[in-house]
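Input: a single structure, listed below in structure tokens.
There are 2 protein chains.
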Amino acid sequence: MPNISDVARKAKVSRTTVSRVLNGKEDVNEETRQRVLEAIKTLNYRPSALARSLVKQKTDTIGVILSDITDPFFSRIIQGVEDVAHKFGYGIVYASMRWDPQLKHNYVSFLRSGRVDGLLMMGHTVGNEDYLREMVEEGFPLVLVEYHIDNLKTNLLSIDNQGGGYLATRHLLGLGHRRVAHVAGHKNAQVSQERLAGYRQALEEAGVPYNEDMVVYSNFTTEGTIPVAKKILSVPERPTAVFAANDLMAYGVIHAARELGLQVPRDLAVVGYDDIELAALVTPPLTTIHQPRYEIGSMAAWTLIQQIENKEMQPTVNEFKTSLVIRESCGATLRRGNQVHFEIS
Amino acid sequence: MPNISDVARKAKVSRTTVSRVLNGKEDVNEETRQRVLEAIKTLNYRPSALARSLVKQKTDTIGVILSDITDPFFSRIIQGVEDVAHKFGYGIVYASMRWDPQLKHNYVSFLRSGRVDGLLMMGHTVGNEDYLREMVEEGFPLVLVEYHIDNLKTNLLSIDNQGGGYLATRHLLGLGHRRVAHVAGHKNAQVSQERLAGYRQALEEAGVPYNEDMVVYSNFTTEGTIPVAKKILSVPERPTAVFAANDLMAYGVIHAARELGLQVPRDLAVVGYDDIELAALVTPPLTTIHQPRYEIGSMAAWTLIQQIENKEMQPTVNEFKTSLVIRESCGATLRRGNQVHFEIS
DNA sequence: CTGTTAGCGCGTTCAA
DNA sequence: TTGAACGCGCTAACAG
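So the protein sequences, as listed, match chains A and H. Residue numbers for the first sequence, in the numbering used here: 1 to 345. Residue numbers for the second sequence, in the numbering used here: 346 to 690.
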């Protein structure tokens, strides 16, 4: 790979001049500029982003660290992030930490040691994260999505997870169910706790005692959910409804139910969470909690870029609301004709 | 952010010595080492990966460029890539080019200008890609997945797409179908052409004339497929079977069919491609073409790392086979009891 | 065992 | 309009 000196030599100018045409400065004689351009072309020269970043202390890149890059929940969020980032001239690099706090920490160090101008983190685990505090104190641009840390003054986009869990559970209770189970997400994921809290809130409001045998933790995947779903559906007093903390797990529940000879929604009502694209399109179409994912992604990217380009900016906090989307997996729409009173959500 | 000189000053040694303890060299007095370590800790010093990469001409990072990071097809591949890369001490950065050749080109330039040691590319578009030729000629480590370019001597992992298309179509023909439609993928994706060729091959073999009205192009997404699927299912002599070039589009077909009052598999047989995780788990379970995705991903990463660490290596070519997974979306298993002769695949 | 010197590839003064 | 000199933060070669 040729470097800027090779070009300078070939064009018979100084490296400084090459640098000037590279960066589109005006004060270069048109003739020399052409000479330089030609040299660049014949040498097939490409400036080193590395060296450039080193001297400018700027990479024009943002890093996105997420819990699991294969989770469809992130798909629309990522689109939002990309659209905004590209518009502002930033590239994006992703890192997938696969719910491993150690791997997450590694990636944070990896990326912030000069590789990116700022970090967007989403899909978090609960744990010791003093290093995030340090980052914030040092002024490293950071945006967290769905991740509240006490006394941490940084940009935060939160989604009303408790509200979502509440909506989902209330819907099931409103349909007359009393034995409502909950399949929670990753035990050390913050959203799991919040959605569970919403579930409990709805139960309490309806006067249904909380029974911890009705709650199982899973891992946000369909495959991982099938066995635990089978277990919870095999107890003597089996639940008649399940609220799953994401759509993938909801399909795990549905699949498990089918293997046990139960039909959804006839024998079991199921509500999911996330409203992934497929939720509307497969059978049964899933009743689920919708989140404005594209908006979350674009807002997150915008916030991060603002902080990168304006270090003085005060941290912002945005809360996004969720909504219930009623489809067919809990029988509400089917019953609409004759049992409207069941549907109160 | 403190730098290595700050540490050196604090520990009252030279920068070189700091560098030595940083890189775990043995020839450092234990006492000085401790002094340095302490200085590092109190200053909260973190070495700049940027500067280090600049001097070592090595980033310990591989870049992965893919067509659409939100496509579940990539999920297991990515897991394979990550497992291998981490084992060898490499980080990974992803870029999603969203089927935009220009964006792809941009990301290639972006990443190879010193940001990564090698590039893994998958999910390709057909187009002018002389820049890939240049990369290969310059010896830049490169692995292509499912992307054949004439006379390009680089590492290639190919999957037998034509064979997969053939398997899928033959299965439908073997079940007695004669009006078999095909929903192809992105028009400028290479895999689309190959799977289409397999479709035609099977038709020809069965003596069924090729009818181009039976082929529509879509974009590998469920949403994008619903309208075109509706169109192809609304012709007077409507198809009784559809081979879709990926599973997401197969679900688009199924959804469209349902909206038209057709039941799958009773009124329409559908075969997908990819065998994404959800394919086995939603209703109807999808008959589809399986590809060894985890193996593809791990092999791709391994090959790339080999080339990075051993520049003399000869390019390797690996071809992976596909297989047909029979589930319920084309009625084969349902008929097994009484019409076994239909099933020849 | 430790320090000095040189250089990775570039951008940015400041003079000329 | 151009170039020399310096520095970004780090590692490597060579002395001592």
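Yeah, the Cβ is synthetic: ideal placement off N, Cα and C, and Gly gets one too.
Based on Cα-Cα distance, which residue from the options lies nearest to residue i?
| i | options | result |
| --- | --- | --- |
| A/L324 | A/D247, A/L260 and A/H255 | A/D247 |
| A/R327 | A/H290, A/V136 and A/P72 | A/H290 |
| A/T287 | A/E134, A/Y294, A/G139 and A/D274 | A/D274 |
| H/K532 | H/V490, H/G436 and H/P446 | H/P446 |
| H/K498 | H/T362, H/H516, H/G569 and H/E479 | H/E479 |
| H/G508 | H/L541, H/Y476, H/D405 and H/R523 | H/L541 |
| A/V264 | A/P285, A/E277 and A/A245 | A/P285 |
| H/P417 | A/A300, A/C330 and A/L278 | A/L278 |
| H/K355 | H/A384, H/E474, H/N374 and H/A589 | H/A384 |
| H/G569 | A/R178, A/V215, A/T17 and A/L281 | A/L281 |
| H/I621 | H/M594, H/D558 and H/V587 | H/M594 |
| A/G331 | A/L233, A/H124, A/N310 and A/L268 | A/L268 |
| A/F243 | A/Q34, A/G165, A/T322 and A/D213 | A/G165 |
| H/G436 | H/G472, H/D428, H/H450 and H/T406 | H/T406 |
Determine, using beta carbons only, whether residue i comes closer than 8 Å to chain A.
| i | result |
| --- | --- |
| H/V471 | no |
| H/F455 | yes |
| H/E539 | no |
| H/V426 | no |
| H/A430 | no |
| H/I423 | yes |
| H/R478 | no |
| H/G459 | yes |
| H/G434 | no |
| H/Q684 | For H/Q684, the pLDDT reaches just 31, beneath the cut-off of 50, and the residue's location in the model is therefore unreliable, although a value from the coordinates is still provided. Cβ-Cβ to chain A under 8 Å: no for H/Q684. |
| H/Y439 | yes |
Just the C-alpha distance for residue i and residue j, rounded to the nearest angstrom, thanks.
| i | j | result |
| --- | --- | --- |
| H/R360 | H/I349 | 6 Å |
| A/R266 | A/T240 | 10 Å |
| H/V400 | H/Y596 | 51 Å |
| A/M122 | H/E482 | 40 Å |
| H/K575 | H/F565 | 16 Å |
| H/G434 | H/S563 | 39 Å |
| H/A430 | H/G408 | 11 Å |
| H/T377 | H/Y492 | 54 Å |
| H/I641 | H/V461 | 21 Å |
| A/Y107 | A/Y294 | 25 Å |
| H/G606 | H/I599 | 11 Å |
| A/L66 | H/Q652 | 29 Å |
| H/S454 | H/T661 | 24 Å |
| A/Y210 | A/G272 | 20 Å |
| H/A645 | H/I494 | 17 Å |
| H/A440 | H/I414 | 8 Å |
| H/L578 | A/N151 | 58 Å |
Does the beta carbon of residue i come closer than 8 Å to any beta carbon on chain H?
| i | result |
| --- | --- |
| A/R46 | yes |
| A/H290 | no |
| A/G176 | no |
| A/H105 | no |
| A/T287 | no |
| A/H255 | yes |
| A/I69 | yes |
| A/P72 | yes |
| A/E223 | yes |
| A/S218 | no |
| A/P227 | no |
In the structure shown, what three-state DSSP assignment does residue i receive?
| i | result |
| --- | --- |
| H/D351 | helix |
| A/I232 | helix |
| H/N712 | Residue 712 of chain H lies beyond the residue range present for chain H, which begins at 346 and ends at 690; the question has no answer from this structure. |
| A/E319 | strand |
| A/L324 | strand |
| A/H171 | helix |
| A/L120 | strand |
| H/D445 | coil |
| A/Y107 | helix |
| A/G91 | strand |
| A/G63 | strand |
| H/T566 | coil |
Is any non-hydrogen atom of the ligand NAD found closer than 7 Å to the C-beta of residue i, if you look at the structure I gave you?
| i | result |
| --- | --- |
| H/Q507 | Summarising the ligand content, the structure contains no ligands, and the ligand NAD is consequently not present. |
Check: For the 8 Å Cβ check, are there 3 or more pairs between the region 365-380 of chain H and the region 76-96 of chain A?
Finding: no
Note to self: For the pair the region 227-244 of chain A and the region 146-161 of chain A, tell me if three or more CB-CB distances fall below 8 Å.
What the structure shows: no
Note to self: Could you check whether the region 203-217 of chain A touches the region 172-180 of chain A, counting it as contact only if at least three pairs of C-beta atoms, one from each stretch, sit closer than 8 Å?
What the structure shows: yes
Check: Does the region 41-55 of chain A come close enough to the region 448-463 of chain H to have 3 or more Cβ pairs within less than 8 Å?
Finding: yes
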